[in-house]
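Worksheet for the structure shown next.
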Amino acid sequence: MRVSPKILFDDCYSEYAIAAVNVFTMEQVHGLFSAAQEADSPIIVQLTPVARNYANPLMLNAMIEAAAAIYPEVVYSVHLDHGTEKHAFSAIKQGYSSVMIDASHDDFETNIKRTKAVTDTAHKHHIFVESELGVLSGVEDDLSVDEAHARYTDPKQAREFVERSACNSLAVAVGTSHGAYKFSGRQGLQFQVLEKIQEQLPGFPLVLHGSSSVNPSDISSINSNGGKLKENASGVTDEELQKAIRYGICKVNIATDLRLLWTRVHREFFVQQPDLFDPIIPGKKYMEAYKDFMIGRFDILGSSGKS
Ligand code: G3H
Ligand code: 13P
Ligand code: NA
Ligand code: ZN
866 MRVSPKILFD DCYSEYAIAA VNVFTMEQVH GLFSAAQEAD SPIIVQLTPV ARNYANPLML
926 NAMIEAAAAI YPEVVYSVHL DHGTEKHAFS AIKQGYSSVM IDASHDDFET NIKRTKAVTD
986 TAHKHHIFVE SELGVLSGVE DDLSVDEAHA RYTDPKQARE FVERSACNSL AVAVGTSHGA
1046 YKFSGRQGLQ FQVLEKIQEQ LPGFPLVLHG SSSVNPSDIS SINSNGGKLK ENASGVTDEE
1106 LQKAIRYGIC KVNIATDLRL LWTRVHREFF VQQPDLFDPI IPGKKYMEAY KDFMIGRFDI
1166 LGSSGKS
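Heads up, the sequence shown is in the numbering used here, so the first residue is 866 and it goes up one at a time.
Now the structure itself:
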């Protein structure tokens, strides 16, 4: 059943979180929905502009609708991830449950103005809007503490941002970054920033981007099967995710982990079976590994059994 994220967030706030997973391919849609059905967990299926450009928005919608028919017990939302106004307006027409307008690299006033332009239209269609305040980027070792802090969400701006932009959830920059190389400065999640944001916005759903765990055994298997990923790959720990939930994180965005899993499964398979060239055998292995991985994530996030 397709639902608004509002229903999911009202239910989970401060107790558990919803995994919001980026999908690009048929195998990922199967993996995600089969995991959600087996774990009885709600999910957010999210599509980036890159995914829409790769697969075509019509193909993505058709795959998601087919998955909803194949796995009829799944409670899910469909979300546009990291959109501009153009993507947001198109996603609204295409029936998404929610859209993210990402104007986080603009100045405060421009970010508010761009977000408000999307909420004005989205709310007429009862569509939920996520916006981001602060800059989500790798905080490098050579950044000073002040420079690092300039990128985090400023708790003092959070409430004004939400009130003036009318966004329905807020993506916060609290130390995570996208991709497989997080926390190069070993700084971890900034709970003192997150706590102050929650004080400003009690009960308001917060979103954590860059939430992949970056499993070290995936990295080493990829590298021992011909890959060349850097050894300093690292992600968010399970303990950090669980603590973040208590500070109002309702939506946990995951993309990198399923890319690493794809690479690990396919590299292992073709190294072990160099005579084969059939996509459906490793494809099946990927779907199964994807399902197992996501069932584990739902347990960590506390969403198992919450559909
Ligand atoms: O932030 C979300 C995704 O990791 C970005 O993926 O832009 O390659 O679709 P994409
Ligand atoms: P990861 O790169 O940690 O998977 O983050 C994904 C994300 O934030 C999608 O919006
Ligand atoms: Na998003
Ligand atoms: Zn993101």
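For each residue, glycine too, the CB sits at the ideal point set by N, CA and C.
- request: Give a single yes or no on whether ASP1122 has its beta carbon closer than 8 Å to a heavy atom of the ligand G3H.
  value: Outside the cutoff, so no.
- prompt: Does the beta-carbon distance from ALA1036 to LEU1071 come in below 9 Å?
  reply: Yes, Cβ-Cβ distance for ALA1036 and LEU1071 is below 9 Å.
message: Run through the DSSP bridge pairs and tell me what GLY1040 is partnered with.
response: Paired residue(s): none; GLY1040 is not in a bridge.
message: Quick check on the burial criterion: 16 or more other C-beta atoms within 10 angstroms. Buried or exposed for HIS816?
response: Because residue 816 is not part of the residues shown, which for the chain are 866 to 1172, the question remains open.
field: Through-space distance from TYR961 to ILE1114, alpha-carbon basis
entry: Rounded to the nearest whole angstrom, the CA to CA distance from ILE1114 to TYR961 is 22 Å.
- prompt: What alpha helix (DSSP H) runs, 4 residues minimum, are completely inside the region 1016-1100?
  reply: Counting only unbroken stretches of 4 or more residues, the alpha helix (DSSP H) elements lying wholly within the region 1016-1100 are 1020-1030, 1056-1065, 1081-1089, in sequence order.
- prompt: Roughly how many angstroms lie between the CA atoms of LYS1150 and VAL1130, to the nearest whole one?
  reply: Approximately 7 Å, taken between the alpha carbons.
task: Tell me whether THR913 counts as near the ligand 13P, meaning its Cβ is closer than 8 Å to at least one heavy atom of that ligand.
output: At a cut-off of 8 Å, the beta-carbon of THR913 counts as near the ligand 13P: some heavy atom of the ligand is closer than that.
message: On the DSSP letters alone, give me the boundaries of the alpha helix (DSSP H) that ALA968 sits inside.
response: Counted as a single uninterrupted DSSP element, the stretch harbouring ALA968 is not any alpha helix (DSSP H), since DSSP gives it neither H nor E.
task: Reducing DSSP to helix, strand and coil, say where LEU945 ends up.
output: Here LEU945 sits in strand by DSSP.
8 Å Cβ shell around HIS947 - same chain, five flanking residues per side excluded: Cβ neighbours of HIS947 within its own chain (closer than 8 Å, five residues either side excluded): THR913, PRO914, MET965, ASP967.
task: Indicate the three-state DSSP secondary structure (helix, strand or coil) for ASN918 in the structure shown.
output: The DSSP-derived three-state label of ASN918 is helix.
message: Taking the straight line between their C-alpha atoms, what separation do you get for CYS950 and PHE993?
response: According to the sequence shown, residue 950 is Glu rather than Cys. Distance between the alpha carbons of GLU950 and PHE993 is about 14 Å.
- prompt: Which stretch, first to last residue, makes up the alpha helix (DSSP H) that contains GLU1133?
  reply: Run containing GLU1133: 1121-1137, per the alpha helix (DSSP H) assignment.
- request: Below 6 Å CB to CB, which residues in the same chain sit around LYS1156 once its five sequence neighbours on both sides are set aside?
  value: If we look at LYS1156 and ignore the five residues flanking it on each side, its Cβ neighbours are GLY896, SER899, ALA900.
query: Do GLY1092 and THR1128 come within 9 Å of each other at the CB atom, strictly closer than that value?
result: Against a cut-off of 9 Å, the Cβ pair of GLY1092 and THR1128 comes out as a contact.
Which of helix, strand or coil DSSP assigns to GLN959: Correct three-state label for GLN959: coil.
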